[in-house]
Structures are given as structure tokens and as C-alpha cells.
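Line by line, the protein sequences give chains A and B.
Okay, so the first sequence: first residue is 1 according to this note's numbering, each after it adds one.
Okay, so the second sequence: first residue is 1001 according to this note's numbering, each after it adds one.
C-beta: ideal position from N, C-alpha, C; glycine also.
Every value quoted in this text rests on a predicted model; they were computed, and no experiment measured them.
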Amino acid sequence: AQTVTQSQPEMSVQEAETVTLSCTYDTSENNYYLFWYKQPPSRQMILVIRQEAYKQQNATENRFSVNFQKAAKSFSLKISDSQLGDTAMYFCAFMKESNYQLIWGAGTKLIIKP
Amino acid sequence: DVKVTQSSRYLVKRTGEKVFLECVQDMDHENMFWYRQDPGLGLRLIYFSYDVKMKEKGDIPEGYSVSREKKERFSLILESASTNQTSMYLCASGVGLELAYEQYFGPGTRLTVT
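Below you can see the structure in the form of C-alpha cells.
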């Protein structure tokens, strides 16, 4: 069975700093998808970034980028130039190809301090 | 924009009551999901549906049932609510490869069973 581990329950950084959230997963699959979702306080969960396992190039979306290490089964999220609006719970999630079902990590609470 | 709505933001029910949680999406998505979110556990899949009248059990289906009579609506039913079902319930909808399996979430229903 697949598992997803987020080892940092809570992190806090100063505004404008760079922060990296860690995620590791366990699977025997070769083709799969990885996701980072963000849940701001009292607001809806939204997708931050996704990575297809067959792509070697790390995904980037503006200030958000990932470090995908397939052999190490690691999928960290880097947030550059952090902003107050980045304060949220961040969840890492795994999906087997064509399965549609997500396996979720426990989440990391990120606080951006002014 | 995709919109997923849930019938209630907050709900308080008594032990033994039958509880209905409703979810509606407006994007004609085939797939719909019900999750339970608890601190330190992330999101856990209760049920999902990939078509009208179709349903599949997720990781924690015990004590729950679902109904999908129309494509846009997916209901979660607690047949006899218990205190251990006090939680945040999230509904999501999504499609497949064409949208890289992204899921769109509702605002959540915080259910308290007393």
C-alpha cells in the first residue's frame, strides 16, 4: 500500500524568505502523479503544483517549485519570496496512474510572519 | 471557475441521528469524492463515484453510505451518527488525464456529533 509522509507538522518563516516543505512516499509503482495542495485558514483546498513521475524535469509554478527525487521517493515543495498569503496547511498527495484516488500526507502548517 | 458547494458549513447532530451531507459541482465532472479531514491524519477517502449511480469504497467507508442520482450531486449519509464521526468533511470533484487528475474542493462541513 502506498503511504505519504510529511515529517514537519508546523513551520514558520519570515515574509520574503524561502521555505522548503518535505514529503516522502512509498510505492512500488513506476507511473504515478504527485501533488501539493494548499488549504488556507477557513478557505477551500486548492492545487498548488503537480508532478508526473515520468517527467524528469521538476515542475514550477511562479514562486512554487518542487524537487522531485524519484529514486529517493522524495517530493519537496519550495516556496520562494514567501508572502503572508502563503500561510496555510500544505498537503502532499500521491496518485497511482489512472486510479483517481489520492493518498494524502498528514499536512504541514506553514506560518508566514510579517 | 469550477464551483463545488456543500450544503452546510457547520452542523451539530445528536448521536443516532441520520445525517445527510450534500455536495454539488457545476463543471460536469465525472468523478466526485468524499473525504474526512482530521488533525494529524490528513485527508482520508470515504467514498468516491466515477459516474451516476456508481460508487466505490475508499479507505474508511464504515458507518457511511453515499448516493449519486445526478451527475452534479453527491451525497454522504451517516446512517446513525456517532461521536467518533465528529470531523471536517470535504467534498471534491475532478476529471482524468485531460486535467491531470486535479481535484476541486468544496468549503467543507464541520460536523459535530453530541
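Need the endpoints of the beta strand (DSSP E) that residue i sits in, please.
{"i": "Ile-1060 (chain B)", "result": "Careful: Ile-1060 (chain B) lies outside any beta strand (DSSP E) and carries neither H nor E."}
{"i": "Asn-67 (chain A)", "result": "64 to 69"}
{"i": "Ala-53 (chain A)", "result": "That residue, Ala-53 (chain A), is in no beta strand (DSSP E); it is neither H nor E in DSSP."}
{"i": "Leu-1055 (chain B)", "result": "Leu is not the amino acid found at residue 1055 (chain B); the sequence shown has Lys there. Premise fails: Lys-1055 (chain B) is in no beta strand (DSSP E) and is neither H nor E."}
{"i": "Lys-1071 (chain B)", "result": "Segment: none, Lys-1071 (chain B) is in no beta strand (DSSP E) and carries neither H nor E."}
{"i": "Lys-73 (chain A)", "result": "Run containing Lys-73 (chain A): none; DSSP gives neither H nor E here."}
Check the C-beta distance from residue i over to residue j and give it rounded, since I have them as a contact under 8 Å.
{"i": "Glu-1022 (chain B)", "j": "Ser-1087 (chain B)", "result": "So it is not a contact: roughly 17 Å between Cβ atoms."}
{"i": "Asp-81 (chain A)", "j": "Ala-16 (chain A)", "result": "6 Å"}
{"i": "Ser-1067 (chain B)", "j": "Gln-1025 (chain B)", "result": "Contact doesn't hold; Cβ gap of about 15 Å is too wide."}
{"i": "Tyr-100 (chain A)", "j": "Gly-1096 (chain B)", "result": "7 Å"}
{"i": "Arg-1009 (chain B)", "j": "Tyr-1089 (chain B)", "result": "Going by Cβ atoms, the distance from Arg-1009 (chain B) to Tyr-1089 (chain B) rounds to 11 Å, so no, they are not a contact pair."}
{"i": "Ala-106 (chain A)", "j": "Leu-1041 (chain B)", "result": "6 Å"}
Put residue i into one of helix, strand or coil per three-state DSSP.
{"i": "Thr-1114 (chain B)", "result": "coil"}
{"i": "Thr-1083 (chain B)", "result": "helix"}
{"i": "Gly-1108 (chain B)", "result": "coil"}
{"i": "Gly-115 (chain A)", "result": "Outside the shown range of chain A, which is 1 to 114, sits residue 115 (chain A), and nothing can be said about it."}
{"i": "Gln-1103 (chain B)", "result": "strand"}
{"i": "Met-45 (chain A)", "result": "coil"}
In the DSSP output, what is residue i paired with across the bridge?
{"i": "Ala-93 (chain A)", "result": "A:Phe-35 and A:Trp-104"}
{"i": "Gln-1006 (chain B)", "result": "B:Cys-1023"}
{"i": "Glu-61 (chain A)", "result": "A:Phe-64"}
{"i": "Val-1012 (chain B)", "result": "B:Thr-1112"}
{"i": "Gly-1094 (chain B)", "result": "B:Asn-1031 and B:Gln-1103"}
What ranges does the beta strand (DSSP E) occupy inside the region 1 to 42 of chain A, keeping only unbroken runs of at least 3 residues that lie completely in it? Listed in chain order, the complete beta strand (DSSP E) runs (minimum 3 residues) inside the region 1 to 42 of chain A are 3 to 5, 10 to 14, 19 to 21, 24 to 26 and 32 to 39.
Which residue spans inside the region 1019 to 1053 of chain B form an unbroken alpha helix (DSSP H) run of at least 4? Fully contained in the region 1019 to 1053 of chain B is no alpha helix (DSSP H) run of length 4 or more.
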